[in-house]
Every structure is written in structure tokens, then in C-alpha cells.
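Engineer: I'd like to ask you about the structure that follows.
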Amino acid sequence: MNLLAIWAMYRSEMARFFRTLGQSFLSPVISTSLYFVVFGAAIGSRIDEVEGVSYGAFIVPGLIMLSVMTQAISNASFGIYFPKFMGTIYELLSAPVNFLEIVVGFVGAAATKALFIGVVILGTSALFVDLQIAHPLVMVLFLLLTCVSFALFGFIIGIWAKNFEQLQLVPLLVVTPLVFLGGSFYSINMLPPIWQTITMFNPVVYLVSGFRWSFFGIADVPILTSLLAILLFQALCLAGVWWIFRSGWRIRS
Amino acid sequence: MNEILRIEGLTKTYEGGFTALGGVDLDLKEGEILALLGPNGAGKTTLISCVCGIVTSTAGTITVGGYDAQKEYRKARMLIGLVPQEIHLEPFSKVIDTVRYTRGLFGKRRDDAYIEKILRQLSLWEKRDSKVMQLSGGMKRRVLIAKALAHEPRVLFLDEPTAGVDVELRKEMWAVVETLKASGVSIVLTTHYIEEAEAMADRVGVINKGKIALIEEKSKLMARLGRKTLRIELDASVSDIPASLSDYNLRIVEGGEALLYEYEAGTSNTGITRLLAGLRDAGITMKDLSTRQSSLEEIFVQLVADQEETAA
Ligand SMILES: Nc1ncnc2c1ncn2[C@@H]1O[C@H](COP(=O)(O)OP(=O)(O)OP(=O)(O)O)[C@@H](O)[C@H]1O
Ligand SMILES: [Mg+2]
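For the protein sequence lines, the chains are A and B, in the order given.
Counting in UniProt numbering, the first sequence runs without a single skipped number right up to 253 at its last residue.
Counting in UniProt numbering, the second sequence runs without a single skipped number right up to 312 at its last residue.
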């Protein structure tokens with residue numbers, strides 16, 4: 001293991017983040033506040049409670065998940081796409097590092113950034129609503145697993161993408177709809193039965209549900225199912241990364 | 001002398017089926033500068049990319065400092081520094097940060113004194129806190145060199161270090177290469193400029209269509225292939241070449257004040273003695289004699305032309 005190299009990659013990725021720290025910090029604060037104004041005040045005044053939790057509090061886990069997933073994906077995909085685009089990838093390829101070390105450095109940094117955003121949103125939310133966290137350890141576990149697995153997913157997208165359009169394509173066309181339809185802002189029970197069934201095919205439902213369970217002890221699907229779902233997703237992403245590693249796909253000609 | 005780099009039977013066929021390298025054998029001695037000359041698309045960059053691990057070779061072996069570039073890639077790559085042909089740099093990072101980054105990437109501990117030394121050597125120390133995008137093209141190229149040296153490599157690959165660089169900067173680059181050589185680094189540089197190979201290299205290789213057409217000590221190459229021109233200044237101008245001297249293909253220049261005779265240098269029979277005797281017999285008296293050796297450029301053009309002829 002070339003630990004110093006991993007550290008160098010991690011640091012340089014984080015440096016990009018720190019260069020725009022104000023922006024990195026402010027944008028989740030502002031967008032979270034907006035969500036609370038729109039969903040909490042406007043909709044929340046019509047729905048006062050969902051399964052015994054105030055609507056404002058109910059949407060917090062979904063809000064965090066929404067941002068963490070999209071941030072993890074965009075940071076990781078951009079992080080590895082950028083050197084490909086700038087040509088600086090030559091440096092990674094000619095350095096005494098293997099692909100897994102590159103993954104640890106880049107994915108680690110992207111996951112850290114997503115985690116940071118998640119924590120900022122959690123903190124901002126606490127200013128608006130009363131939050132209690134029933135199972136803090138599970139909460140942290142879910143958050144970490146989500147950061148890492150979606151950063152891995154983003155990394156694969158970044159390797160795959162040949163241009164900026166493709167880089168945006170998957171997050172825009174797949175992830176955002178899945179997240180919005182994944183019960184971030186409502187309980188699955190509120191849907192008509194047919195939609196409840198369809199929704200069960202959306203993997204994000206399991207994540208949001210499990211994460212929400214760690215806050216309020218309520219869930220759309222059993223917590224173990226949620227854990228299995230995120231672990232399965234993680235395993236799939238790891239397999240993808242491993243395959244890229246073996247084949248050198250879109251990295252080395 | 002020990003070999004720091006040894007390449008045997010290196011072949012690279014790209015995905016589309018194009019063979020960019022067709023069995024290249026090459027070695028680099030410790031401390032020497034090898035210039036690789038070749039036209040566009042000859043395979044120079046591909047060769048370097050195979051050695052550095054940017055491109056996977058199709059066949060052949062590469063050893064760097066005794067380490068197999070594939071099986072012991074970590075040890076092999078530790079010894080290599082690469083300055084790519086194109087300027088690939090992260091625009092937003094500071095000069096000193098990007099150099100430190102490379103050092104870290106190669107698994108070396110931070111060493112500010114060493115980084116300062118190379119930045120000073122490359123006249124970049126004053127610019128250490130500037131963002132890369134604020135630098136001129138020539139400075140960026142030097143940043144690339146600084147990065148390539150950041151982990152104290154023993155072999156340096158310079159892929160067309162002076163392409164698109166003005167004359168002054170080119171001279172400056174040559175000076176940098178001289179200092180590097182003096183510090184004990186072995187260097188492979190590719191170039192289109194023959195004068196560059198002539199000015200810097202110990203050995204010259206010519207690569208064409210993925211094959212090494214020739215590789216030789218620069219001085220030997222010049223001597224072996226070089227054509228020399230003997231210039232004979234005359235006391236009294238002549239208008240015709242006497243018939244007795246028609247075999248020599250003499251050219252009359254400067255309105256008959258001088259004659260030029262071209263001959264193959266390094267051959268045992270240059271014909272000079274006979275020519276001079278012939279001139280005396282014809283009653284032509286000489287004021288002065290001088291010779292001029294043809295440049296590598298002329299040799300190179302001739303070599304590629306010869307190859308094309310044999311291929312046709
Ligand atoms: N990734 C690639 N896929 C397919 N063919 C390639 C690839 N890279 C290079 N080639 C081809 O391989 C040949 C050798 O290219 P290379 O870049 O090694 O030439 P070069 O000698 O460095 O040329 P130049 O002096 O223009 O830099 C060219 O015909 C080029 O088109
Ligand atoms: Mg080239």
C-alpha cells in the first residue's frame with residue numbers, strides 16, 4: 001500500500017473543496033432552509049403529522065439523503081473525470097500506485113465532502129425543527145455507507161463518462177428522479193396501493209426508510225431490509241470498480 | 001557502464017488494430033542523454049507511454065534499473081520521471097502544491113528543501129505561490145519538469161520539451177537539461193529538431209513507423225553518415241572545370257573564386273589527395289581550404305528517404 005500516495009490524492013481532492021469552502025457550506029444551508037420554507041411551512045401546515053412525527057421533522061432524513069447521494073455522486077464523478085478531461089490523469093497512471101489506491105483516495109475524499117454536507121444539513125435542520133435521533137449509531141452507519149457507496153457509484157460514472165453531458169446524465173436522469181420518488185418527502189403509505197407496489201422497485205426507498213428509522217423508529221420497510229439494500233448496492237459498486245481495475249476499462253489504452 | 005533502461009521487443013497495437021510500435025529494442029546507459037528523432041506519428045510518445053505505464057504494451061519487456069516495469073511496477077516507476085508532450089496541469093493549484101503532490105503520489109515524504117532546490121534550478125521559486133493558470137507557457141513546461149523531478153527519479157523522459165517554444169526558451173531548456181545531466185539523471189528526449197539532438201545528445205536514435213531505424217553515438221553517426229564538403233578557394237577564378245577533373249562533380253561557386261567538393265566522411269578513400277593532385281596538374285592554384293560537415297538534419301532527411309526507397 002502506498003499510503004503517502006493515497007494521502008496525497010485525498011488531500012489534493014479536499015483542497016479543491018476547501019478552496020470553495022464558503023460555497024460548499026452556504027449552498028446546503030440555503031437550500032435546506034428553502035426546503036423548510038416550501039415543504040415545511042407551505043405543505044407542513046396542511047399535513048401536521050406523519051405517523052406521529054411532525055412533517056417538518058419527517059422530511060429531514062430524506063433531505064439529508066437527497067443531498068448526500070447527489071453530492072457523493074457529483075463529487076466523485078467530477079473528481080476522477082476532471083483529470084481525464086485535463087489530461088493530468090497521466091500522472092496517476094505513471095505513479096507507483098494501483099487502481100485501488102486511486103479509488104480509496106478519490107472516493108474517500110468525495111465521501112468526506114458528502115458527509116460534511118450531510119452534517120451541515122442536519123445542523124441547519126435542527127434550527128428549524130425539533131429533532132430527536134432514536135438510534136444514533138445506526139444513523140451514523142447509514143450515513144457513512146451511503147456516502148461511500150454513492151461515491152463509488154459516482155467514481156464509476158466518472159470513469160465511464162466521455163464528456164460533460166454523460167457526466168451529468170446519470171445523476172440527472174436516474175438518481176434525482178429516484179430520490180424524489182423515493183419517499184423523501186412523504187411516507188409510502190400515503191400513496192395509492194398500485195404506486196406503493198411500483199415504489200418498492202426504487203432502491204432509494206430502502207435507504208430513506210432505513211435512515212428515517214434511525215431518527216424516529218418508523219419505517220416503510222423493515223430496517224434489516226434497508227441495511228441489506230445498501231450493502232447490496234455497495235457490493236455492486238465495489239464489483240464494478242474491481243472489474244474496471246482488472247480490465248483497465250477507459251483508463252489505459 | 002550500466003544500463004538504467006532496457007527495452008526488448010516492445011510492441012504496441014492499439015485497440016483499433018493499429019500497430020504503433022513493431023518490436024523496439026533500446027537501452028539507455030546510466031547518465032547518458034538519448035535523443036529520439038522521428039516524424040509525426042513515428043511512435044515516440046507511444047514508446048514513452050509504454051515505459052511509464054500510461055499505455056499497456058502488447059508484447060516485449062521493459063526493465064528500469066533492473067526492475068520489470070510490469071511485475072515490479074512500483075519500484076520501476078519510482079525511478080522514472082515523465083514530462084509529457086502536452087501541457088497537462090491542474091490550472092487552479094499553486095505551483096509548489098502541484099510539485100509536492102507529485103512527490104506524495106510517488107510515496108515520498110515531504111521534503112521542502114529538495115522542492116526548493118528544484119524550483120530554484122528551474123527558475124520557478126519566485127512563482128511558487130502563483131496559480132498554474134497564471135504562468136506563461138514556458139513556465140508551465142518548467143512546472144512539468146519540476147513535477148517530473150519531484151520524486152528524485154534516475155531516468156527522465158522529456159517528450160518534445162521544446163515543441164512550440166521560442167528560440168530563447170529552447171536554449172534555456174537545453175541549459176536545464178545540461179544541469180540535470182550533470183546531476184546524474186539519465187535522459188531520453190524526443191524531438192523533431194535535429195539541432196536539439198545535435199546540441200544535447202550523447203546518442204541519437206531514429207524511429208520511423210514504429211521501428212528503430214538506427215541508433216548510434218552521435219559523433220559516430222555524424223562521422224559515418226555525414227557528408228563533408230571541401231571548399232577550395234582559388235587564386236585566380238575559373239570558368240570551367242578541366243576535363244581531367246570531371247569525375248569529382250565539382251561545383252563552381254562565387255563566380256569562379258571557389259570550388260566545392262562533396263565526399264563521404266569516414267571512408268578510407270575520400271578522393272581528396274587525388275583531387276588536389278589533379279588540380280595542381282591542371283595548373284589551378286589554391287588560396288585556402290576548408291571543410292564543413294553536414295548536420296544531423298541532412299543525415300536524417302537522407303535516412304528517411306533511403307528507408308522509403310527500400311520500402312517502395
Ligand atoms: N490511443 C491511441 N489509439 C490509437 N492509435 C493511437 C493512439 N495513440 C497514438 N496512436 C497512433 O500511434 C501512432 C504513433 O503515435 P505517437 O503519439 O506515439 O507518435 P509520435 O512519434 O509521438 O508523434 P508526434 O511527433 O506527432 O508526437 C500514430 O499513428 C497515432 O495515430
Ligand atoms: Mg509524440
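Built from N, CA and C at the ideal position, the CB exists for glycine as well.
Quick caveat: nothing in here was measured; it's all calculated off a predicted structure.
Check the C-beta distance from V170/A over to I157/A and give it rounded, since I have them as a contact under 8 Å.
Structural biologist: The sequence position of residue 170/A within the first sequence is 170, counting from 1. The sequence position of residue 157/A within the first sequence is 157, counting from 1. V170/A to I157/A, Cβ: 5 Å. Contact.
Engineer: How should W213/A be labelled, buried or exposed, when 16 other C-beta atoms within 10 angstroms of its C-beta is the threshold for buried?
Structural biologist: Within the first sequence, numbered from 1, the residue matching residue 213/A stands at position 213. Label assigned to W213/A: buried.
Engineer: In angstroms, rounded to a whole number, what distance separates the CA positions of L26/A and T176/A?
Structural biologist: Walking along the first sequence from the start, residue 26/A turns up at place 26. Walking along the first sequence from the start, residue 176/A turns up at place 176. Using only the alpha carbons, I get a separation of about 21 Å.
Engineer: In this structure, how does DSSP classify E177/B when only helix, strand and coil are distinguished?
Structural biologist: Walking along the second sequence from the start, residue 177/B turns up at place 177. The sequence given here places Val at residue 177/B; Glu does not occur at that position. In the structure shown, V177/B sits in a helix (DSSP, three-state: H, G or I).
Engineer: How far does the alpha helix (DSSP H) with K84/A in it reach, from first residue to last?
Structural biologist: Numbered from its first residue, the first sequence carries residue 84/A at position 84. It spans V60 to M86 - the alpha helix (DSSP H) in which K84/A sits, taken as one unbroken run.
Engineer: Just the residues with CB closer than 6 Å to a heavy atom of ligand 1, in chain order, which are they?
Structural biologist: S253/A, Y14/B, G16/B, F18/B, A20/B, G38/B, N40/B, G41/B, A42/B, G43/B, K44/B, T45/B, T46/B and Q85/B
Engineer: What is the DSSP secondary structure of V53/A, reduced to helix, strand or coil?
Structural biologist: Here residue 53/A refers to the residue found at position 53 when the first sequence is read from its first residue. If DSSP states are grouped into helix, strand and coil, V53/A belongs with the strands.
Engineer: Which chain B residues sit within Cβ distance under 8 Å of S94/A?
Structural biologist: Counting from 1 along the first sequence, the entry for residue 94/A is found at position 94. C52, G53, I54, R77, I80 and L82, listed in chain order.
Engineer: Tell me which residues share the same chain as T102/B and place their Cβ nearer than 7 Å to its Cβ, disregarding the 5 neighbours each side in the sequence.
Structural biologist: To locate residue 102/B, count along the second sequence from 1; it is residue 102. Taken in chain order, the residues that qualify are K147, A150 and H151.
Engineer: Got a sec: is the Cβ-Cβ distance from residue 325/B to anything in chain A below 8 Å?
Structural biologist: There is simply no residue 325/B to check, as chain B begins at 1 and stops at 312 in what is shown.
Engineer: Since I believe D27/B is in contact with L47/B (beta carbons under 8 Å), could you give me their beta-carbon distance rounded to a whole number of angstroms?
Structural biologist: Sequence index remark: in the second sequence, residue 47/B carries index 47 (1-based). Sequence index remark: in the second sequence, residue 27/B carries index 27 (1-based). In fact, because the Cβ distance is near 13 Å, the residues do not count as touching under 8 Å.
Engineer: E196/B: beta carbon under 7 Å from a heavy atom of ligand 3?
Structural biologist: In the structure on display, ligand 3 does not appear, and the ligands it does have are ligand 1 and ligand 2.
Engineer: Run through DSSP, which three-state label would R292/B get?
Structural biologist: Your numbering for residue 292/B matches position 292 in the second sequence. R292/B: strand per DSSP, three-state reduction.
Engineer: Would you list the residues sitting across from G205/B in a DSSP beta bridge?
Structural biologist: On the second sequence, position 205 is the one that residue 205/B refers to. Answer is L36/B and I215/B, bridged to G205/B.
Engineer: For the structure I just gave you, are there three or more beta carbon pairs, one from the stretch 229 to 240 of chain A and one from the stretch 31 to 49 of chain B, closer than 8 Å?
Structural biologist: no
Engineer: Which residues of chain A have a Cβ atom closer than 9 Å to the Cβ of E15/B, listed in chain order?
Structural biologist: In the second sequence, the residue the question calls residue 15/B occupies position 15. Those within 9 Å of E15/B in chain A are S253.
Engineer: Roughly how many angstroms separate the alpha carbons of G184/B and N2/B, rounded to a whole number?
Structural biologist: On the second sequence, residue 184/B is found 184 positions in, with the first residue counted as 1. On the second sequence, residue 2/B is found 2 positions in, with the first residue counted as 1. About 13 Å.
Engineer: Would you check if the distance between the CB atom of G38/B and the CB atom of D25/B is smaller than 8 Å?
Structural biologist: Your numbering for residue 38/B matches position 38 in the second sequence. Your numbering for residue 25/B matches position 25 in the second sequence. Contact: no.
Engineer: Just tell me which of I96/B, A113/B and L79/B has its CA closest to the CA of G107/B.
Structural biologist: Position 107 of the second sequence, counted from the first residue, corresponds to residue 107/B. Comparing Cα-Cα distances from G107/B to each of I96/B, A113/B and L79/B, the minimum goes to L79/B.
Engineer: Can you tell me where the alpha helix (DSSP H) holding T225/A begins and where it ends?
Structural biologist: The residue given as residue 225/A occupies position 225 in the first sequence. From DSSP, the alpha helix (DSSP H) with T225/A extends over I223 to S247.
Engineer: Which term fits G283/B, buried or exposed, when burial requires 16 or more other beta carbons within 10 angstroms of its beta carbon?
Structural biologist: As a first step, residue 283/B is located in the second sequence; it is residue number 283 there, counting from the start. Per the 10 Å Cβ criterion, exposed.
Engineer: Check whether the stretch 197 to 212 of chain A touches the stretch 227 to 234 of chain A, taking contact to mean three or more Cβ pairs, one atom from each stretch, closer than 8 Å.
Structural biologist: These segments touch.
Engineer: What is the residue span of the beta strand (DSSP E) that I80/B lies within?
Structural biologist: Mapped onto the second sequence, residue 80/B falls at position 80. Here the beta strand (DSSP E) through I80/B covers I80 to V83.
Engineer: Assess contact between the stretch 251 to 266 of chain B and the stretch 193 to 212 of chain B, defined as three or more Cβ pairs (one per stretch) separated by less than 8 Å. Is contact present?
Structural biologist: Contact fails: fewer than three Cβ-Cβ distances are below 8 Å.
Engineer: Could you tell me whether the Cβ of T102/B comes closer than 8 Å to any Cβ of chain A?
Structural biologist: Counting from one through the second sequence, the residue named residue 102/B turns up at place 102. It does: the Cβ of T102/B has a partner Cβ on chain A nearer than 8 Å.
Engineer: Against chain A, does R141/B count as a neighbour if the rule is that its beta carbon must be under 8 Å from one of theirs?
Structural biologist: The count along the second sequence starts at 1 and reaches residue 141/B at position 141. Closer than 8 Å: no.
Engineer: Write down the C-beta distance between R19/A and I54/B rounded to the nearest angstrom, noting that I regard them as a contact closer than 8 Å.
Structural biologist: As a position in the first sequence, residue 19/A is number 19, starting the count at 1. As a position in the second sequence, residue 54/B is number 54, starting the count at 1. Not a contact, Cβ separation roughly 28 Å.
Engineer: Express the C-alpha separation of Q293/B and A243/B in angstroms, rounding to a whole number.
Structural biologist: On the second sequence, position 243 is the one that residue 243/B refers to. On the second sequence, position 293 is the one that residue 293/B refers to. Rounded to whole angstroms, A243/B to Q293/B spans 27 Å at the Cα level.
Engineer: Going along the chain, which residues of its own chain have a beta-carbon closer than 6 Å to the beta-carbon of G105/A, five neighbours each way excluded?
Structural biologist: For the purposes of this step, residue 105/A is taken as the residue at position 105 of the first sequence. If we look at G105/A and ignore the five residues flanking it on each side, its Cβ neighbours are I6, M9 and Y10.
Engineer: Just curious, the alpha helix (DSSP H) that R46/A is in, first and last residue?
Structural biologist: To locate residue 46/A, count along the first sequence from 1; it is residue 46. First-last for R46/A: undefined, no H or E at that position.
Engineer: Take I87/B and list the residues in its own chain whose beta-carbon comes closer than 8 Å to its own, dropping the five residues that flank it on each side.
Structural biologist: On the second sequence, residue 87/B is found 87 positions in, with the first residue counted as 1. Only G137, K140, R141 and L144 meet the Cβ criterion.
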